[in-house]
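Taking it in order: structure first as structure tokens, then the write-up.
Protein chains: 4
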Amino acid sequence: MDATIVGGSGYTGGELLRILVRHPKAGNITVTSTQHAGKKVSSIHTNLRGVYDKEFKVMSEKTLDADVVFLATPHGESMNIAPKLVEKGVKVVDLSADYRFKDVKVYEQFYGKHASPGLCRQAVYGLPEINRSKIKKTQLVANPGCYPTSVILGVLPLKGMNLKIEKVTVDSFSGTSGAGSKPTEFTHHSEVDENLKVYNVGKHRHRPEMEAVLSEQLNKKVKVSFTPTLIPVIRGIQSNIHISGKSSIDMMKRYKKIYKKEPFVRITEMPYIKNVANTNFCDIGVWQDQNAGEVTVVSVIDNLVKGAAGQAVQNMNIMQRFEETEGLKNIAGHP
Amino acid sequence: MDATIVGGSGYTGGELLRILVRHPKAGNITVTSTQHAGKKVSSIHTNLRGVYDKEFKVMSEKTLDADVVFLATPHGESMNIAPKLVEKGVKVVDLSADYRFKDVKVYEQFYGKHASPGLCRQAVYGLPEINRSKIKKTQLVANPGCYPTSVILGVLPLKGMNLKIEKVTVDSFSGTSGAGSKPTEFTHHSEVDENLKVYNVGKHRHRPEMEAVLSEQLNKKVKVSFTPTLIPVIRGIQSNIHISGKSSIDMMKRYKKIYKKEPFVRITEMPYIKNVANTNFCDIGVWQDQNAGEVTVVSVIDNLVKGAAGQAVQNMNIMQRFEETEGLKNIAGHP
Amino acid sequence: MDATIVGGSGYTGGELLRILVRHPKAGNITVTSTQHAGKKVSSIHTNLRGVYDKEFKVMSEKTLDADVVFLATPHGESMNIAPKLVEKGVKVVDLSADYRFKDVKVYEQFYGKHASPGLCRQAVYGLPEINRSKIKKTQLVANPGCYPTSVILGVLPLKGMNLKIEKVTVDSFSGTSGAGSKPTEFTHHSEVDENLKVYNVGKHRHRPEMEAVLSEQLNKKVKVSFTPTLIPVIRGIQSNIHISGKSSIDMMKRYKKIYKKEPFVRITEMPYIKNVANTNFCDIGVWQDQNAGEVTVVSVIDNLVKGAAGQAVQNMNIMQRFEETEGLKNIAGHP
Amino acid sequence: MDATIVGGSGYTGGELLRILVRHPKAGNITVTSTQHAGKKVSSIHTNLRGVYDKEFKVMSEKTLDADVVFLATPHGESMNIAPKLVEKGVKVVDLSADYRFKDVKVYEQFYGKHASPGLCRQAVYGLPEINRSKIKKTQLVANPGCYPTSVILGVLPLKGMNLKIEKVTVDSFSGTSGAGSKPTEFTHHSEVDENLKVYNVGKHRHRPEMEAVLSEQLNKKVKVSFTPTLIPVIRGIQSNIHISGKSSIDMMKRYKKIYKKEPFVRITEMPYIKNVANTNFCDIGVWQDQNAGEVTVVSVIDNLVKGAAGQAVQNMNIMQRFEETEGLKNIAGHP
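Protein chains in written order, with this note's numbering: chain A, 43 to 377; chain B, 43 to 377; chain C, 43 to 377; chain D, 43 to 377.
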């Protein structure tokens, strides 16, 4: 299977490449970059020195001639590339937000004018735990956002319970790799280290994504109060999710049962990002506070793996009818 | 003014000493330690080398003969020392939880048998922002817990608003110095770095402290859903506080007005722990999410300063009729 | 191939297991621990939850009945286990220092009485880059220390040059995982973070190991001035190596040529630990300072991989006639 | 005493301001910034919110009308400002490299054309430990570089000993604040965290500064082999300094004796950056390795304090005949 990564100089593109060069089914892997075309990929992703020695290519008919194309392009660019690929019969995994919303109006409210709204309803939201069979048949997967992946997987098992699921309160904490490879004051080491930086309170663009998917999945209008914070860690998201209500059932048991067959979801009382870093796992813990009347779910992922590149490869595996865990068997380090 | 720190080998005792040696009104400062008596204080608190060259003393009548005694002793030990000091007319600031609860039953439920319950009602909860005038007159101050300090200051201005204040949802994030100086697996560098460690979900002993103080202050039974997490940072607590409800007032303005005269509370849209580290400040931001119907308050302090030693000195200043900010004028570094 | 890890509850044992469970040739893997026998391995190495679900075993005839036994035991314990295994024909990779010294006297000077001195001369120092053919034939490999691995690989290419190689000055910087999993004040997060801790200046036990191997390899009495420092990083060693002398040759070219065929040595102007973390690579840079008359080599490894468990598996691969890189193809993350 | 900080939006300017606002002798403090003129200083240095509420000013006759002017301007800019100030009788502390070299040719070789070479010989190199009496009388102090401060203070006590002082080998490790406040890939959090970045090996511009001062002080041509590395820490420099030779004297004793009267130099076996962070201290340890024939000195400072702003204020104190430690009594935190 030949694969092309469009926009491969960022962290997500680099992580995709890191996974694909060790993927047992991967054949030719091409990486494009407008900015770095002609440079060695390993001059940017220095971890790949001696492992992947090709150069960044310019995006072209030829470089896009692959079995699967991953669009690691910014929001607003994928929508200009995907339609032609779909038409040509190429399978596409888009890591931007461009095809995550069925309702184009919501997309446009948060991201700007959409260039190919028709394709939005055709695209499948690439969270295998809810859309596995649709992913198998589609040609265009909209890979979920990192925060939404952690939150949706944490909330889903509460479906059908007698809780006030209409409002979900989420405090999410993300490592700096989630902010991308471009140096900014926000992610300058001296400013981030020994600090926490709360940002975009109630205004983050992943909020409508969570609301759309949760509302659809739970058959209810769900509102999310979302507060993200940047943490002095490279990889990892921890989402603390709170829902009002009481119940007498054993929640850990419920979660374990529901995710029993999922290869990448583990239920544990210690959902630590360390255990999922560099892996495609989502670890989830769940607690009931009978005193306050609240269910608390803590969900952790590696933002670049299950939150981006790993999930993209998981989707590719499903589309290509490979073993779903192929290329994604990495284990976190201890320590 | 002569001062004695009982139990001065831990981080809180060390921080107290660090503040007191630069306090303009401080005379003789004595530090006791059962474990390290006879050793140079600066062999444990190496930051004080060349600054404070005395030794740890054994606690005794003589070492306790001071104007103010700070009890930086573990919960359960202060209660055996404080009564005699109070009787002798010595002013006491207890940094343990022993006198934080007016209702001894609540204390005993979470900490164990109380040895001097009579003194509990006499002690004043040492949060100057609510009890300044009482602190001025008391002989025994119960210095608040670190998490409660950040949460209570964040919630107080909501008093009287039409919000569902009966339930307060709190995600708090604390640096490792809050866990003390004793090496444990929980705080082993290799286990904490690049990690977040959620712990004691719904069960932390600071939860009843917050509930007791908030219920009293807000004249309402307040329940707190409390989820603490350890972060790879040395100093600092960030508490994300959520309350259901909508309002149309300008919250930042309200908070600024209410805390206008407080020397150590700053209202800001960027409540970052970096700006309060090594200082006695509490920085607070507040947001309204009209979409989800929720008020979110983010409150940050240095757990060892405003969350412990700094607040203790602030209380001492008030008791001693010194300028309240005396010795507490340190400014955080940038960066 | 069946393998047993003796003493598998520490970081080195955990890393060995992490590599072996993904090794294509690994059959049954057994892990022993005196302290944790009966507990699930994944309760200690929580990264392995859902991946390796067996329990720690007590060391016994049966658990030692494997094709290869890794001794991840402390110095002084391996020497009591290895002899019987060698006698029984089991292949042994000892990760302790017990068989690293041909001259038992040097061992005893730094580590204490040796229980099986006879085996010392038979053991092969397991640095494949110098002893590949001997490793192939031996039954007992003494896996090198972490600091020595980084230093020896950095110095070797200088052999035969006209430099004052009799004295090698080394400043090494190591992540905290190198100090093991046992909590101590030395590795307490609050003490290590935002700090550097120089220790054992001139007295570290890896110094005689470097001197012995370098003297043998360079046919000259080599003395090493060795200054180690603990850094606020989990994994990684950087060794700055200085040798007096001037030369006009292109050093980078020389190093590249010498290590051309080595699968795990890369020559680069940016020898960063980030690029070797979680991998078996040793990245090396070399500079000549004509002004001061000095050659500076900077060598980086992951102390737990090329500095311990990875190199042990590399040695196993050689002993077992597997592909040398089998199970060791992990790539560092970016970022 | 009125003071002006020219170029106050960077980290050094911010640190100067942080010290000066708490300096007992400081009157009016003015801060200029070309880029940020008109903005509140505390919008950039957010640590000063509620402490210093003035705005950045444009540099002008009026803003420069102060008792002391600190030039926290980049190399090449100070030389255009200093001459007029000196002429007007204003005291100047220049934190750039512009007046650090007596020999303008050396400056021009490393920094570019000098605009006021005449002033170079008049300026005093502001290391109080060697030039206190000259600083007292000068109008223009050239504040030393951060790396040179740590290295020179570490080497000076070896003067007159029978060691091969002609070549000094230095490995220095610096926190990211030393690289300034401007975001770059080099200091991007995701790239620095869990990493070490060796850079400019043998080519750093602080090398000729060390060589010039050491040669002058030791009356010998001294060459320095200098290898700097960026570390994942905000503040702090550790310099490991190696000199060949053997001696039988007690080095710690010698160092203690020599620095006995220095208020900011402490001799200790644990020279940790943690103990000097946020302070003007330089902590130094010294070891002799009789085996390898080498003296190793480890010297630590806070790059922004003793390595920049603190030393500048120390120089100001001397010039102004204030107590030398005035405003510089901050103690490092523990932890």
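Beta carbons: idealized from backbone N, C-alpha and C, even for Gly.
{"Item": "Residues sharing a beta bridge with Ile283 of chain D, DSSP", "Value": "D:Val212, D:Val339"}
{"Item": "Spatially closest choice to Gly202 of chain B from B:Val243, B:Glu251, B:Thr218, B:Leu256, by CA coordinates", "Value": "B:Leu256"}
{"Item": "Test item: CB-CB of Thr338 of chain B and Thr269 of chain A under 7 Å", "Value": "yes"}
{"Item": "Nearest to Val193 of chain D (by Cα), restricted to the options D:Ile326, D:Arg363, D:Asp331, D:Val355", "Value": "D:Ile326"}
{"Item": "Under 7 Å from the C-beta of Asp213 of chain B: neighbouring residues of chain A", "Value": "Asp213, Asn282"}
{"Item": "Extent of the continuous alpha helix (DSSP H) run through Ser175 of chain C", "Value": "170–179"}
{"Item": "Near-chain A residues of the stretch 357–373 of chain C - C-beta to any C-beta below 9 Å", "Value": "Lys371, Asn372, Ile373"}
{"Item": "For Val328 of chain C, the first and last residue of its enclosing beta strand (DSSP E)", "Value": "324–331"}
{"Item": "Whole beta strand (DSSP E) elements within the stretch 219–297 of chain C, 3-residue minimum", "Value": "265–272, 279–286"}
{"Item": "Within chain B, the residues that Val340 of chain A reaches when beta carbons sit closer than 8 Å", "Value": "Val240, Val243, Thr269"}
{"Item": "Residues that Ser232 of chain A contacts on chain G, provided the C-beta gap is smaller than 8 Å", "Value": "In summary, chain G is missing from the structure at hand, where the protein chains are A, B, C and D."}
{"Item": "Ala374 of chain B in three-state terms, based on DSSP", "Value": "coil"}
{"Item": "CB contact check: Thr229 of chain A to chain D, cutoff 7 Å", "Value": "yes"}
{"Item": "7 Å Cβ cut-off: residues of chain A touching Ser75 of chain C", "Value": "Going along chain A, no residue has its Cβ under 7 Å from Ser75 of chain C, so there is no contact; the nearest lies around 14 Å."}
{"Item": "DSSP bridge partner residues for Val134 of chain C (one or two, in chain order)", "Value": "C:Val111, C:Leu182"}
{"Item": "Assumed close pair Val318 of chain B, Tyr297 of chain B - CB separation to whole angstroms, cut-off 8 Å", "Value": "Val318 of chain B to Tyr297 of chain B, Cβ: 16 Å. No contact."}
{"Item": "Same chain, Cβ closer than 8 Å to Arg64 of chain A, neighbours up to 5 away in sequence not counted", "Value": "Gly369"}
{"Item": "Val146 of chain C, enclosing beta strand (DSSP E) - first and last residue", "Value": "Per DSSP, Val146 of chain C belongs to no beta strand (DSSP E); it is in the alpha helix (DSSP H), 146–153."}
{"Item": "Closer than 7 Å to chain D by CB, Pro225 of chain A", "Value": "yes"}
{"Item": "Below-7 Å beta-carbon distance, Glu236 of chain B vs any chain A residue", "Value": "yes"}
{"Item": "Straight-line Cα distance separating Glu97 of chain B from Lys82 of chain B", "Value": "4 Å"}
{"Item": "Cβ-Cβ separation, Ser290 of chain B to Ser214 of chain B (assumed contact under 8 Å), whole Å", "Value": "About 29 Å separates the two Cβ atoms, so there is no contact after all."}
{"Item": "Stretch-stretch touch, CB-based, cutoff 8 Å, three pairs: the stretch 93–107 of chain C with the stretch 72–82 of chain C", "Value": "yes"}
{"Item": "Inter-stretch contact at 8 Å, needing at least 3 Cβ pairs: the stretch 157–169 of chain B / the stretch 44–56 of chain C", "Value": "no"}
{"Item": "Where the stretch 165–183 of chain C meets chain D: residues whose CB sits under 7 Å from a CB there", "Value": "none"}
{"Item": "Which listed residue (C:Val347, C:Ile86, C:Thr72) has its alpha carbon closest to that of Val381 of chain C", "Value": "Past the edges of chain C, shown from 43 to 377, lies residue 381 of chain C, and the structure says nothing about it."}
{"Item": "Lys155 of chain C, buried or exposed, once every other Cβ within 10 Å from all chains shown has been counted against 16", "Value": "exposed"}
{"Item": "Sub-7 Å separation of Gly187 of chain A and Glu227 of chain A beta-carbons", "Value": "no"}
{"Item": "Environment of Asp235 of chain C [buried if 16+ CB atoms lie within 10 Å]", "Value": "buried"}
{"Item": "Closer than 6 Å: Lys81 of chain C CB and nearest the ligand ADP heavy atom", "Value": "With respect to the ligand ADP, the structure shown offers nothing to examine, as it has no ligands at all."}
{"Item": "Contact set for Gln332 of chain B: own chain, Cβ-Cβ below 7 Å, skip 5 residues either direction", "Value": "Lys288"}
{"Item": "Three-pair Cβ contact test at 8 Å for the stretch 139–153 of chain B versus the stretch 111–120 of chain B", "Value": "yes"}
{"Item": "Cβ-Cβ distance between Asn204 of chain A and Ala157 of chain A below 7 Å", "Value": "no"}
{"Item": "Close beta carbons around Pro305 of chain B, own chain, < 7 Å, minus the five adjacent residues each side", "Value": "Glu366, Thr367"}
{"Item": "Alpha-carbon spacing of Leu346 of chain D relative to Met312 of chain B, whole angstroms", "Value": "24 Å"}
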